[in-house]
Every structure is written in structure tokens, then in C-alpha cells.
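Below is one structure, written out as C-alpha cells; comments come after it.
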């Protein structure tokens, strides 16, 4: 499983490097948008480190879905990226059960430390 994810991420990184016009900034803008959208770090009743963990987990999930699309197609299609981001956002923001399940799953894989989110960025 780790090898397959590694292969997917490698092909994704290659496609991002090849697409210098959009690849350099698109995913950076995504995480900046998530920080803005979630009013980070000013969410009421949420620890800032936990809020950042959720943002990073969502970013990593979207990035992995995009990487899988790139691996399957053999190329980076920005329409696919837009559809993935839109689909994830519409499902997670407009259906509280999806968001709860996502957050519940994060709790099962979290190593007990919110700083473990750093592993999601590598």
C-alpha cells in the first residue's frame, strides 16, 4: 500500500513540476483558502492546533485524490482538480454527516498528538 501511494505521489509531483503555470501556486492557494475559510486560528471552542490539523488533513486528502487522478490519467487536468476540490467541499460543508465521519476517521489515525499533522505534509 505504501509503495502504491508513493508511486501515485511521485507521478503527481512530476506533473506539478511540468505544469509551471498553475502547479506552483494552485495547491498553495488551496491551503491558504482553507485557512481563510475556517477563520483560522479564531474558531470558537476549537483548539488552534486541532483546527490546523483538520485543515492540513483536508488539504492532504484533496492532494491525494488529485494525485490518484493524475496517476490514473497520466496527466494533470485542472478541470479534474477543480471538480475534486468542489466535490470535497460540497460534500464536507453541506452534509454534516460527511464532515463528522471525516473528523471521526482523523481521530482514529491521529497519533494522539496534533503535531503529527506534519507527517501529512511530507
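Numbering (the UniProt record's numbering), first residue to last: 1 to 122.
We put the beta carbon where it would ideally sit given N, CA and C, even for glycine.
Since we're looking at a predicted model, the values are computed, not measured.
Residue i CB to nearest heavy atom of the ligand ADP below 7 Å
i          : result
residue 37 : Although the ligand ADP was asked about, the structure shown includes no ligands whatsoever.
Buried versus exposed call for residue i [16 or more other C-beta atoms within 10 Å across all chains shown]
i           : result
residue 56  : buried
residue 118 : exposed
residue 70  : buried
residue 81  : buried
residue 63  : buried
residue 58  : buried
residue 53  : buried
residue 16  : buried
residue 49  : exposed
residue 115 : exposed
residue 87  : exposed
residue 11  : buried
N-terminal and C-terminal residue of the alpha helix (DSSP H) that residue i is part of
i          : result
residue 80 : 78-94
Cβ-Cβ separation, residue j to residue i (assumed contact under 8 Å), whole Å
i          : j          : result
residue 67 : residue 8  : 5 Å
residue 98 : residue 91 : 5 Å
residue 51 : residue 44 : The Cβ separation is near 10 Å, so there is no contact.
residue 84 : residue 65 : 5 Å
Residue ranges of each alpha helix (DSSP H) within the stretch 21-76, 4 or longer: 23-37 and 48-73
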